[in-house]
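Note that the UniProt record's numbering gives residue 917 to position 917 of the sequence shown, counting from 1, and the numbers run on in steps of one.
Take a look at the structure set out below.
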Amino acid sequence: MSYDSDLKERKSLGKMRIQMLLLCELLLCSAAARSDEESNSDKLALMDFKKRVTQDPFGVMALWNDSTGYCNWAGITCNSSNRRVMIIDRQSLRLSGSLPPSIGNMSFLTGINLQNNTFGGEIPQEIGRLLRLRHINMTQNQISGPIPTNVSQCRALEVLNVGLNSLSGPIPDEISSLSSLKVLGVGSNNLTGPIPTWIGNLSSLVIVSLALNRFTGSIPNEFGKLSKLGFFQLYGNQFTGVVPPSVYNLSTLWFFSVTQNQLHGEIPSDIGIRLPNLQIVAGGVNSFTGSIPVSLSNCTNLRVLDFAENGLTGGMPPTSFGVLKSLEWLNFDDNRLGAGDHQDVGFVNSLVNCTVLEKLSFNRNRLGGELPVAVSNLSAHLRILGFSENLLRGTIPSGIKGLVSLANLRLEGNLITGPIPNSFGELKNLSEVRLHGNGLSGPIPPSIENLTSLTKLYLQDNKLQGSIPAAIGSCQKLVVLNLSSNNLEGVIPKEVGGISSLSVSLSLSNNSLSGQIPAEVSSLGNLLELDLADNKLSGEIPSALSGCVTLQRLLLEGNSFHGKIPENLDMLKGLTYVDISRNNLSGKIPEFFSSLKTLNLSYNDFHGEVQRSGVFSNASAFSVLGNSRLCGGVPELGLPPCRSSPRSPLTPTRVILLSVAVALIVILLCALVTCCLIKRRKPPLEVLLSSSDLRQGISYMELAKATNGFSEENLIGAGSFGSVYKGLLPENEVTIAVKVLNLEQKGASHSFVKECTALKNVRHRNLLKIITLCSSIDQRGNDFKGLVFEYMSNGNLDQWLHPQVVEGGRAKKLSLTERLDIAIDVACAMEYLHYACQPPIVHCDLKPSNILIDNEMTACVGDFGLAHLIMEADDEPTSATLTAGLKGSIGYIPPEYGMGGEVSTVGDVYSYGILLLEMFTGKRPTDEMFRDGLSIDSFVAGALPHHVMTVVDSSLNGIEGEDNVMDEERSQGRMEERAIVPTGSSSSSSTARSKMNRLTPQECVIAVLNIGLACSKQMPKERMSMHDVEKKMRGIREAYAGRRK
């Protein structure tokens, strides 16, 4: 080859190389451009996400800015090669807002974790464009709407966890295509309908949580196809029928909970053989029958076995369960176990081998025999021991001191005899002891002084002897002390009067106690009931009782008290029930007794005139029998009339004075008639209400007749702008409530017009309904303005929270469920006033006495007509000026009002928060304990979450037979809902565990109190909206063990 041809060939090759290089560069630039464009779409989607965040209390979203690349933003994980976003993790940051549809543009996204925030709105359908998505965790938010059908396009999805939200509708059929799904967590929502049978086709499922929804129908047999299923949780729904036999073939199951449904049938006798890996077995609150399978002893890892509140019969296997070394929770309360013979409790002997046992509870069964000595050898970790209301005999073994962790002991309602062992004092963790209703004898052991954690001690209805040990004064956490109906004698130790923590009841009645009431009772400033009846006490009733400022019930009957009633007892403004009968008391009946609801003064030596007002106007509400020197009173008493004092002779001076007086009276009468004629010429007030369901206007005379002349007997409430009377319309026997405005109060006449305006178009099931109005002139010729409402037969919330005595001597008490329902009713009413009314209505005086309860325990908010109508409607809380006199009641007034701030909807939120704290603590915000910087919100905040039991309303603890929050063998007995997920499990599994940790009643109370604190923040901008409050409260109610209205 010549040089020229070689050179020519080389030039041609060089030209081709240059062209190839240019082509490669062009391709690379094009790919880079596409990558930059896709990366930019990720950034735009993230900025859109940030823009939709409406609340960011920690300021974390502010860190998403251009100072760093978005791949370095907190919570963002990118692919290292192409800088595409793979994971968004914004869990537990208290963020609020909604999810943008642009999230569907992040095509490389594999995981979204927004757990434990307050995101709302719906899950966008665009999520179906995320074909690489494997994990969705949005639990514990406020997301609503249906589960998006397009999620079925995420074919790689392994975890779908959207529990603890407000999702509704059925489980969409489209999910049946998610063949890779391992975790389906939709618990604690509002999902409805049956469980689809195609669920058996999701063969990869390991965890299924459908708890606390509204699913109905039977449990599909197709669950039996899920050969990998380990976690099976259906509790708190409305499932009927039996558990399908195929479910008992899933040998991989370790968590099985069907609690609180409507299931029946028997537990298979071979369940432990077929399901040997079970750790949690829970079927409480159903209708299961039959016996307890012996084969459960084959489940060597069993930790929780709970079938409380069923119809199980027979006995516990006598020896089998002793092999369960991991057993922590054994609960069979409220069944029909046992035959009343000595073999019934033999199984306790084998349980000494269960060294980690924390709860052993068989309350309310038919177990007989002697209380086993082996109880003393149970686990040192045992916290709850319950055999109440059985047929047990024998004595309490002294070796019980070995149960060093014991906090709750319930043996009441049995046939146990003998003494309380002195070794009892070594159980230093005891919080609640119920031994009442047995045949215990001997003294109360002085070692009780060591029980410094004790909050409730019930020893009544036994045969205890000796004196009350002074050492009991060391129990400075006691809220209830009941030693009544024993054979105790001696004096009441002054140390008992010094237990200032006593806040519910001190009952020492029906004993043989002597001496005087110690002056130290003045320290019992939080006590509601003092019962010293039927003893041998003497002396005068001490004036020191005036220190019991919260006292509502005082029972001193059947003693030998003498002298007069101390005048300073009129300081006990909350006193409603007094029984001091069968003593030797004398003097006149104090005037302040008229404010009581029930009074018994019989068989004493009182003298003088019996009043006719207040309690004395109702002969069935009080008794004065056996007081021979009394006179007057209502005719039903049959007492002699009181003698009038002798008349003085008429002197000339008196004649002149009488003549002048008569002349003045004539002149005044003439003036009065003239005024009446002038006023009658006034045109009537225009009626502002016009609705088909309202009565025609009613006359003054009709209302006067209905309310017995607006008598004090009919008075049921009073406020700054008027009084409320109970009345009866004779034409149709309808009971009504009449609000009479005090027209002497500045602005009251105008308030009548404003209230009518406010009520004109306001209609809601939780707002008090007006029947009609009256604008007229009374019998003296004065202007009269009155509103007629429906009468609420159950009074107001204040009477329920701070109980009044009702017929039969029982106090009103609200269960936890009733409190939740009432709180939600009030939230619904306030949400309606704030958001549905145009312009929005601010209540300005939300408090318990303005919340009325009807005969179905539904709450209705009243007195909102005096609220200020906000003149500018806006999505954000608005405000307007209002006179100080209308800003609310002390204790419920938001702090900004006290500093001259304008009223607003967030001011109502503050009042609601205080109301919520009061409802669940039983403490008024004006309680005397709240001083020196301590307020009701700081009182609660300091106890959360670990010491919530110290602030919760004690009436929730003591309601026998009620569904109350602190009855540990019931409330803590739902341990099966606190999932025990193995170490190393997926994040979704830990989410399931976290979710279920919020489902016990105690945690339900914690959640409610947290909302109360969030509403009562000092800064208005930090408070929740009533819209969010209403949704949160509904979620809590649904999460409370499936207890719904």
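Positions of the beta carbon are idealized from the N, C-alpha and C atoms, including for glycine.
Whole-angstrom distance between residue j and residue i, CA atom to CA atom
i, j, result
"residue 479", "residue 507", "11 angstroms"
"residue 428", "residue 551", "30 angstroms"
"residue 1034", "residue 824", "7 angstroms"
"residue 501", "residue 728", "44 angstroms"
"residue 737", "residue 187", "44 angstroms"
"residue 801", "residue 179", "53 angstroms"
"residue 846", "residue 919", "13 angstroms"
"residue 386", "residue 432", "11 angstroms"
"residue 421", "residue 798", "43 angstroms"
"residue 314", "residue 291", "6 angstroms"
"residue 398", "residue 430", "16 angstroms"
"residue 130", "residue 104", "6 angstroms"
"residue 828", "residue 273", "51 angstroms"
"residue 877", "residue 365", "Per-residue confidence for residue 877 stands at a pLDDT of 40, beneath the threshold of 50, marking its modelled position as unreliable; no derived number is given."
"residue 339", "residue 310", "17 angstroms"
"residue 510", "residue 602", "19 angstroms"
"residue 837", "residue 843", "12 angstroms"
"residue 980", "residue 796", "Confidence at residue 980 is low in this model, with a pLDDT of 30, below 50, so the placement of that residue should be treated as unreliable; the coordinate-derived value is given next. Between residue 980 and residue 796, the C-alpha separation is close to 43 angstroms."
"residue 996", "residue 69", "In this predicted model, residue 996 has a pLDDT of only 40, less than 50, meaning its place in the structure is not dependable; the value taken from the coordinates is given anyway. Each residue's alpha carbon lies about 38 angstroms from the other."
"residue 780", "residue 857", "40 angstroms"
"residue 383", "residue 443", "26 angstroms"
Residue i, buried or exposed, once every other Cβ within 10 Å from all chains shown has been counted against 16
i, result
"residue 58", "exposed"
"residue 16", "exposed"
"residue 316", "buried"
"residue 96", "buried"
"residue 625", "exposed"
"residue 548", "buried"
"residue 850", "buried"
"residue 834", "buried"
"residue 62", "exposed"
"residue 462", "buried"
"residue 78", "buried"
"residue 267", "buried"
"residue 826", "buried"
Boundaries of the alpha helix (DSSP H) in which residue i is found, first to last residue
i, result
"residue 700", "700-706"
"residue 739", "Unbroken run through residue 739 is the beta strand (DSSP E), 734-741; no alpha helix (DSSP H)."
"residue 401", "No alpha helix (DSSP H) contains residue 401, which DSSP labels as neither H nor E."
"residue 1015", "1001-1015"
"residue 725", "Looking at the DSSP string, residue 725 is not in any alpha helix (DSSP H); the run it does join, the beta strand (DSSP E), is 722-729."
"residue 828", "816-831"
"residue 1039", "1026-1039"
"residue 343", "First-last for residue 343: undefined, no H or E at that position."
"residue 271", "271-274"
"residue 939", "936-941"
"residue 897", "895-898"
Extent of the continuous beta strand (DSSP E) to which residue i belongs
i, result
"residue 926", "Premise fails: residue 926 is in no beta strand (DSSP E) and is neither H nor E."
"residue 488", "487-491"
"residue 851", "851-853"
"residue 359", "359-361"
"residue 329", "329-331"
"residue 630", "629-632"
Bridge-paired residues (DSSP) for residue i
i, result
"residue 777", "783"
"residue 77", "87"
"residue 562", "584"
"residue 599", "578 and 622"
"residue 553", "529 and 577"
"residue 1018", "Residue 1018 is not bridged to any residue."
"residue 547", "Paired residues: none, contrary to the question."
Could you give the uninterrupted runs of the beta strand (DSSP E) lying entirely in the region 185-238, keeping only those of 3 residues or more? For the region 185-238, whole beta strand (DSSP E) runs of length 3 or above, ordered along the chain, are 190-193, 207-209, 214-218 and 231-233.
In chain order, each beta strand (DSSP E) run of at least 3 residues that lies wholly inside the region 382-450: 384-386, 391-393, 408-410, 432-434 and 439-442
Mind listing, in chain order, the continuous beta strand (DSSP E) runs of no fewer than 3 residues lying wholly within the region 111-174? 111-113, 135-137, 159-161 and 166-169
Quick check for students: name the residue ranges of the alpha helix (DSSP H) that lie wholly in the region 468-523, counting only runs of 4 or more. 494-497
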